[in-house]
Structure formats: structure tokens, C-alpha cells
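Each remark here refers to the structure printed beneath this line.
Numbering (the numbering used here), first residue to last: 196 to 285.
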């Protein structure tokens, strides 16, 4: 049975409108839309990786004694060395 418009939440209505728009796209429009979304996701991922600050902050917080039982300075140094060799830092 079809769900009535009056019983949809605001989020459901927005999702429905987007889905209807996508169903009405031609094949060419749909391919361009998906390719644009993929490229945007890749560029955002590259930008986040270039920052690298979050990984450094994470390792610094791990270095604090007692944060995680069993993870000491030696383990943090091993992880930091692995991240530097793997190119996670720039």
C-alpha cells in the first residue's frame, strides 16, 4: 500500500523528491551525476588525507600514559613509525 504524503516526515519527503528526480534522469544524465559524486568523494578524501592533523592528534593522545591500558610509549612509537613509512603523514 502506498504511503500517504501527509504521513511522511520532512526527511522522508526530501529523500522521495531526490529519488523521483533521479528516476526521471536519462542514462547520460545519470552517468554524469554518479561520476561527479565519485570525483567529489575522491577529492574530499584527498583533502582530508593531506591535512594529516587528525592522525597526529590521535597518536599524541595515545602517547598519554593510562589512556588505553596496555598501550605504552613503545607501541605508540611503533604505530607512528609505521604511519610515517606508509606515507600517512606528509
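For every residue, glycine included, the Cβ atom is placed at its ideal position computed from N, Cα and C.
By a beta-carbon distance limit of 8 Å, residue 271 contacts residue 257. Their separation comes to about 5 Å.
Between residue 202 and residue 211, the C-beta gap is not smaller than 9 Å, which leaves the two residues out of contact. Pairing residue 239 with residue 233, the inter-Cα distance amounts to about 10 Å.
For residue 264, no alpha helix (DSSP H) encloses it, and the DSSP letter there is neither H nor E. If you draw a straight line from the Cα of residue 214 to the Cα of residue 237, it is about 23 Å long. Following the DSSP letters along the chain, one finds residue 217 inside the alpha helix (DSSP H) bounded by residues 205-218.
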